[in-house]
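Everything below concerns the one structure shown next.
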Amino acid sequence: MTKAELIRAVAEETGQSQDAIEKTLAALTNKIIQTVKNGNDVTLSGFGTFKRKENSARKGRNPATGEAIDIAASSSLSFKQAQAVKDELNA
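So the sequence shown is numbered by numbering that gives the first Met the number 0: it starts at 0 and just counts up by one.
Structure below.
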């Protein structure tokens, strides 16, 4: 499902305009990113938890040349699903 399909489906289910749903989705994703960026977790009860994951620096190889390269440390967004979601997916 694409973002546009999700917006359309939620708008149909809630009776809200697609524009309103798009603005709400943008605000929600921005708030999650900013909160996690600031070092806090975001927990949506019954859905899951978004956390910041730190990836350490490491050595890698350029696949085209085989040359050794340094890969810088970075951060990524991690999501752990709630048990209720896991149960629903496996029902």
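Ideal placement from N, C-alpha and C gives every residue a C-beta, glycine not left out.
Own chain residues within Cβ distance below 8 Å of residue i, not counting five before or after
| i | result |
| --- | --- |
| Ser44 | Ala81 |
| Lys58 | Ala67, Ile68, Asp69, Ile70 |
| Arg7 | Gln17 |
| Ala72 | Glu53, Asn54, Ser55, Ala56 |
| Gly38 | Arg51 |
Residues bridged to residue i [DSSP beta-bridge criterion]
| i | result |
| --- | --- |
| Gln80 | Gly47 |
| Thr30 | Here residue 30 turns out to be Lys, not Thr, going by the sequence shown. Bridge partners of Lys30: none, in fact. |
| Ala91 | There is simply no residue 91 to check, as the chain begins at 0 and stops at 90 in what is shown. |
| Val41 | Phe49 |
Candidates the options, of which the one nearest residue i by Cα
| i | options | result |
| --- | --- | --- |
| Lys85 | Thr48, Thr23, Lys2 | Thr48 |
| Ile20 | Asp40, Asn37, Glu4 | Glu4 |
| Leu88 | Phe46, Pro62, Ala63 | Phe46 |
| Leu24 | Asp40, Thr1, Lys36 | Thr1 |
Contact with chain B by residue i, beta-carbon distance below 9 Å
| i | result |
| --- | --- |
| Lys36 | Any reference to chain B falls outside this structure, which holds one protein chain only. |
Close beta carbons around residue i, own chain, < 7 Å, minus the five adjacent residues each side
| i | result |
| --- | --- |
| Asp40 | Thr48, Phe49, Lys50 |
Nonlocal neighbours in the same chain, by C-beta distance under 6 Å from residue i, ignoring five residues either side
| i | result |
| --- | --- |
| Thr34 | Val41 |
Exercise. Could you tell me whether the segment 69 to 81 touches the segment 44 to 56, using the rule of 3 or more Cβ pairs below 8 Å?
Key: yes
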